[in-house]
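Undergrad: First the structure, which I've put down as structure tokens, then a few questions once you've had a look.
Chains as they are written, first to last, in our numbering: chain A, 1 to 821; chain B, 1 to 433.
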């Protein structure tokens, strides 16, 4: 097998750190040097190279491509890899899909979600060559049988696919260069799926390791991360029903001869031990994990094999004992019960728990290692059998996971917490996918690295999301702005994203600090932002998020996920589950949506940060129930309407250097808008309109700068009351009718009259004017016309002459409009 | 039986006169044919004129000229051009009373825009009508249909409203200013969209128009002057406040010109001589005093061009072969017809009603009176004050008269042989009312 058994191997970084993430306290490297003490060889593996990774089966180490190398805060060396899988890792029934013979040297580009791509560097054995081949190509005959693999297709857990040209070329490149492409991790397309999440993965690992720091078991750290990998892969493997020949290796491992001979590193012992357990029963990861945790807590002396260089079989036994101790301590009494039961009944029946049985027996100091081993050999064979039966059921991989045992489930539930703690953002369901929320349990079964995005949820409803709706492209290219005015108009459009948000620096800073502190602390929180429309609430929040994302990219901040929910863009509040826009529309009778949302950050481990935006300042008090309001917390911020100076600054900053406006013109707009609403949108709209007017007016002449006159015209256009104009342009009888309405109001002293009364007045007025009075039908028509314009408020017309009429505008306005005639 | 006997007799008579009349009949027939041909020609041209003008009055093709809205026309045209050519998003409202030519304006502008070279086939139109799309769900479905996006969804039936909205927003979000095809949303009866729940559709449309997504222009047509007050504050803030007012702001001189324009035959008219004659006649008409009076009355009554159309339509229907040109009296008649009080011509019914009032004198039988009364109810000349409950007997229902005294008086005067006591009753009892 490999060299690891014989000698101590030293892993060290190659070169200086490429980049660092201060917040995560990780350092990235471009290569690693593996120094073997015995053979005194030194190999350097760089990013992009293909490597062999230790698996539970020493005969067949995993093949992977090295994507990233980094050292975390605890000086643990990690590597991020892209897995390749052997044919034997693929379920036999699926292998049939290929319809061809699979060479043992053929590997598949692994796209199965759920594998931990983060491994400890100590598991790296050596570098190998992986050559991508076209589908039809024959495997070339090579001398170096061990060192070369071929990849033709990808495997995503369900079916085989030909390598995408992109992947192919990238792989080819990597093969040619023999690695050493520092940016290959970015260039490899399928890995892009992984890379954005990488940081989060780091976070997870970090937190896991932290937990283990308590245990003072240095070795367990990396072994744990590896064991999680091992168990993952292994359980999957088991689920897939591959008869792994691990038993053999285990035997070797457990044999006293080997353990006497082998000067194992403690870590190796643990590692192999883990493998051991994992190999025999897929349930074992949980006890091993437990062990790590509980031993520390209980304060049981960590019998560190590494501190005793001469590892003996006794050592191993002691180790096992401790393990079994911890098993007993573990809360899964159910498992223990059943294992006990199994022991009582027959060992052979319950192969799944046979490991425990064995360990129990060892604990009870029935020291007959050989016979036990034999027994274990038997059990392992049986496991293979049972698993193949399971496989025959053709259960989904995930279901297999769940079906396997309670212990794996409870483990997963244990992990859920971890996940939630570490990456709450991921759990938050995007409002855009209207699929049923993936059960957290399911996603947590896998390590959080890939799963949330890639897990195919079987019950996904027909979402049009996978169809890509798109507005057709335009036939002609959009014209570029030709003149200064057009340029200015473009800049003044509300949709144009300004480089900075003037006049909102304070608010920006406040929100930024709020979110940043929460992000750094890893806590959750709520902030309520209110303000009248057009005061830059959404823009500021978006700006904050943008700069935070920038910071996260530069590794100044822990990475986070941003989800925007706009109440107006939802039809049903229940579809909204992090940033809420237009909060007041999320109001439902029981307010459970908001309750859940705002309750979330108050949960202990959640890292959810909510920025709620609404127009109403006292929304929490007014419509929210107490329990909702109290959860919203006290962080409030209200955006004041812009003052004219601020508006002026906004326009100037938008225009930047484009000279299209007179200073006075800008000031006029700003003052006018500030006096009315302080709505920046309105301000920009007026300016834009002014440029149009200016352009229109100056078509003949050359002057191309927006002057006061243009702005005034635009303002008039937008703010002038339409009523006066409408009345002035109404027909004569319509005007007389309005006069009649006024007269009738004055006569009756009530601001409401029936058409019959007004008709009499109308006839009288007509007589004064010396005009022919209209008929009743005409009057009715006039009345309904004015009603349609909403100059009048009119009752439904089935009452004919008795229909009541009211003015929709003030009497003064009407008199004013009529007087000028 | 009777008819067959008659025909027999006829055939006998004709049989008898057969020999003598044969040459006479032939001559007659020839002259008749000549006449008919002339007639046919005239009828043809007359019908043609009628057809042409009727189409002008009834259909709102974007063929006729627009009056008094040059400014608005240019404004809207520029607006659309900017969206289509530059990809600038906008939103605008066309506001004006009924019949002020909002739709006509839009159609004219669209027609011109489509004729432009750089525009052709370069934008998508979505027409929505508040009367048809009564809620956001149906509106969204209609938008999806009109944008031809349903084929993207394939055979999948659209699920919920939410999915629909998300789908559409996704579609519009994908685009950007320079590369996507501009979309023109035309919302007829805009005021009805305002009443949709939360104004979700409007919010989203305006939001798209204010963000860097697919360029859209939202144009709403409404007759309500208070439309802006109906918009929710956040919707209002996103609206870019372009308002195009159409107010029929022409005076009477222009009105006369419109009248002339509307009746004139186009220069391309095939029968040039006839067209000349017709147009000259129209010119004379427009200078005629009575015609001007008639038009003035209508103008005072309503500036709505549709009422003018209606009047001209009535006059036009008098045009026949023998009466090939519209005269002043035609117009006058038409206006009379047009201005007729709908309720005044139901005199005899009213008379019966009055007879009931004079119940005691004439002592009609009860069923007769009840029948007359029911008739009045059906014509809605009287109306129960409250809803007829089962309890009260019909004889004792409180009723409301839906007529004005003047109407009654007018009606009685027109009524030729009105019984004198009814006249007396009217004179005495209506005078104090």
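We put the beta carbon where it would ideally sit given N, CA and C, even for glycine.
Here the structure is a predicted model, which is why all the values come from computation and not from measurement.
Does DSSP put residue 118(A) in a helix, a strand or coil?
TA: For the purposes of this step, residue 118(A) is taken as residue 118 along the first chain, with counting starting at 1. The answer is strand: DSSP assigns residue 118(A) an E or B state.
Undergrad: Taking its Cβ as the centre, do 16 or more other Cβ atoms sit within 10 Å of residue 210(B), making it buried, or is it exposed?
TA: Position 210 of the second chain, counted from the start, is the residue given in the question as residue 210(B). The residue is buried, with at least 16 neighbouring Cβ atoms inside 10 Å.
Undergrad: Going along chain A in order, which residues have a C-beta closer than 7 Å to the C-beta of residue 94(B)?
TA: Looking up residue 94(B) in the second chain gives position 94. What residue 94(B) touches in chain A: nothing, since even the nearest Cβ is about 12 Å away.
Undergrad: With 16 as the cutoff for other CB atoms within 10 Å, does residue 665(A) come out buried or exposed?
TA: Your numbering for residue 665(A) matches position 665 in the first chain. Answer is buried; the Cβ neighbour count reaches 16.
Undergrad: Could you say which of 791(A), 773(A) and 754(A) lies nearest to residue 799(A) if we only look at CA atoms?
TA: Taking the first residue of the first chain as position 1, residue 799(A) is located at position 799. Considering only alpha carbons, the answer is 754(A).
Undergrad: Return yes when at least one heavy atom of the ligand MG lies under 7 Å from the C-beta of residue 316(B), else no.
TA: This structure lacks the ligand MG, and indeed carries no ligand of any kind.
Undergrad: Please state the DSSP three-state secondary structure of residue 328(B).
TA: The residue labelled residue 328(B) in the question sits at position 328 within the second chain. Looking at residue 328(B) - three-state DSSP - the assignment turns out to be helix.
Undergrad: Compute the Euclidean distance between the alpha carbons of residue 783(A) and residue 734(A), then round it to the nearest angstrom.
TA: One-based indexing of the first chain puts residue 783(A) at position 783. One-based indexing of the first chain puts residue 734(A) at position 734. Looking at the two C-alpha atoms, the distance is approximately 8 Å.
Undergrad: Which whole-angstrom value describes the C-beta separation of residue 196(B) and residue 271(B), a residue pair presumed to lie in contact below a C-beta threshold of 8 Å?
TA: Along the second chain, one-based indexing puts residue 196(B) at 196. Along the second chain, one-based indexing puts residue 271(B) at 271. Residue 196(B) to residue 271(B), Cβ: 53 Å. No contact.
Undergrad: Where are the alpha helix (DSSP H) runs, 4 residues long or more, that stay fully inside the region 243-295 of chain B, in chain order?
TA: 252-263 and 272-287
Undergrad: If you follow the beta strand (DSSP E) that residue 44(A) is in, where does it begin and where does it stop?
TA: On the first chain, residue 44(A) is found 44 positions in, with the first residue counted as 1. That run of the beta strand (DSSP E) goes 41-46.
Undergrad: At a CB distance below 8 Å, what residues from the region 481-498 of chain A approach chain B? Give them in sequence order.
TA: 481, 486, 489, 490, 493, 494, 495, 496 and 497
Undergrad: Which residues of chain B have a Cβ atom closer than 9 Å to the Cβ of residue 718(A), listed in chain order?
TA: Stepping through the first chain from its first residue, residue 718(A) is reached at position 718. Simply 241, 242 and 243.
Undergrad: Are there three or more Cβ pairs, one per stretch, closer than 8 Å when the region 250-266 of chain B is compared with the region 222-230 of chain B?
TA: no
Undergrad: Roughly how many angstroms lie between the CA atoms of residue 337(B) and residue 69(B), to the nearest whole one?
TA: As a position in the second chain, residue 337(B) is number 337, starting the count at 1. As a position in the second chain, residue 69(B) is number 69, starting the count at 1. Whole-angstrom Cα-Cα distance: 31 Å.
Undergrad: Taking a Cβ distance cut-off of 9 Å, strictly less, list which residues of the region 786-799 of chain A are near chain B, in chain order.
TA: 786, 788, 789, 790, 791, 798 and 799
Undergrad: Starting from residue 789(A), follow the alpha helix (DSSP H) in both directions and report where the run begins and ends.
TA: As a first step, residue 789(A) must be located in the first chain, where it is residue number 789. No alpha helix (DSSP H) holds residue 789(A); DSSP gives it neither H nor E.
Undergrad: With 8 Å as the threshold, decide whether the Cβ of residue 233(B) is near any Cβ in chain A.
TA: Start at 1 with the first residue of the second chain, and residue 233(B) comes out as number 233. The C-beta of residue 233(B) comes closer than 8 Å to at least one C-beta of chain A.
Undergrad: Distance check for residue 192(B) and residue 528(A), CA to CA, integer angstroms please.
TA: Counting from 1 along the first chain, the entry for residue 528(A) is found at position 528. Counting from 1 along the second chain, the entry for residue 192(B) is found at position 192. Each residue's Cα considered, the two are about 33 Å apart.
Undergrad: Just to make sure I have the definition right: I need the residues of chain A whose C-beta is within less than 9 Å of the C-beta of residue 301(B). Which are they?
TA: Taking the second chain and counting its residues from 1, the one referred to as residue 301(B) is at position 301. Near residue 301(B) (Cβ distances below 9 Å), the residues of chain A are 731, 732, 733, 734, 774, 778, 781 and 782.
Undergrad: So for residue 181(B), helix, strand or coil by DSSP?
TA: Here residue 181(B) is taken as the residue at index 181 of the second chain, counted from 1. Reduced to three states, the DSSP call for residue 181(B) is coil.
Undergrad: Mind the definition here: the region 87-107 of chain B touches the region 488-497 of chain A only if three or more C-beta pairs lie below 8 Å; say whether that holds.
TA: yes
Undergrad: I need the DSSP call for residue 78(A), collapsed to helix, strand or coil.
TA: As a working note, residue 78(A) is residue 78 in the first chain. Strand at residue 78(A).
Undergrad: List the residues of chain B that residue 726(A) touches, going by C-beta distances under 8 Å, in chain order.
TA: Numbered from its first residue, the first chain carries residue 726(A) at position 726. Those within 8 Å of residue 726(A) in chain B are 97, 225, 245 and 247.
Undergrad: Compare the C-alpha of residue 525(A) against each of 172(A), 807(A) and 514(A) and name the closest.
TA: On the first chain, residue 525(A) is found 525 positions in, with the first residue counted as 1. Looking at the Cα atoms, 514(A) is the closest of the given residues.
Undergrad: Could you name the residues of the region 187-207 of chain B whose beta carbon sits closer than 7 Å to any beta carbon of chain A, in the order they occur along the chain?
TA: 198, 200, 203 and 204
Undergrad: Counting Cβ pairs closer than 8 Å, one from the region 46-53 of chain A and one from the region 66-81 of chain A, do we hit at least three?
TA: yes
Undergrad: With residue 540(A) and residue 508(A) assumed to form a contact (beta carbons below 8 Å), what rounded beta-carbon distance in angstroms separates them?
TA: Counted from its first residue, the first chain places residue 540(A) at position 540. Counted from its first residue, the first chain places residue 508(A) at position 508. Confirmed, Cβ separation roughly 5 Å.
Undergrad: With respect to the beta strand (DSSP E) encompassing residue 496(A), which residues constitute its N-terminal and C-terminal limits?
TA: Against the first chain, residue 496(A) aligns to sequence position 496. For residue 496(A), there is no enclosing beta strand (DSSP E), as DSSP marks it with neither H nor E.
Undergrad: Verify whether the separation of the beta carbon atoms of residue 26(A) and residue 71(A) is less than 8 Å.
TA: As a position in the first chain, residue 26(A) is number 26, starting the count at 1. As a position in the first chain, residue 71(A) is number 71, starting the count at 1. Yes, they are a contact pair.
Undergrad: Could you tell me whether the Cβ atoms of residue 132(A) and residue 171(A) are closer together than 8 Å?
TA: Position 132 of the first chain, counted from the start, is the residue given in the question as residue 132(A). Position 171 of the first chain, counted from the start, is the residue given in the question as residue 171(A). Yes; because the gap between Cβ atoms is below 8 Å, this pair is in contact.
Undergrad: Find out if the Cβ-Cβ distance for the pair residue 76(B), residue 109(B) is shorter than 8 Å.
TA: Locating residue 76(B) in the second chain gives position 76, counting from the first residue. Locating residue 109(B) in the second chain gives position 109, counting from the first residue. Result yes, Cβ atoms of residue 76(B) and residue 109(B) sit closer than 8 Å.
Undergrad: Give a yes or no on whether the C-beta atoms belonging to residue 278(B) and residue 49(B) are separated by under 8 Å.
TA: Your numbering for residue 278(B) matches position 278 in the second chain. Your numbering for residue 49(B) matches position 49 in the second chain. Their beta carbons are under 8 Å apart, which means residue 278(B) touches residue 49(B) by this criterion.
Undergrad: Report all residues from its chain with a CB closer than 7 Å to the CB of residue 688(A); omit the five preceding and five following residues, and keep chain order.
TA: Sequence index remark: in the first chain, residue 688(A) carries index 688 (1-based). Excluding residues within five positions, the ones whose Cβ falls inside 7 Å are 489, 492 and 493.
Undergrad: Closer than 7 Å by beta-carbon distance: list the chain B residues that pair up with residue 723(A), in chain order.
TA: By one-based count along the first chain, residue 723(A) stands at place 723. Neighbours of residue 723(A) on chain B, chain order: 225.
Undergrad: Name the chain B residues that come within less than 7 Å of residue 533(A), Cβ to Cβ?
TA: Position 533 of the first chain, counted from the first residue, corresponds to residue 533(A). Under the 7 Å cutoff, chain B gives 233, 234 and 237.
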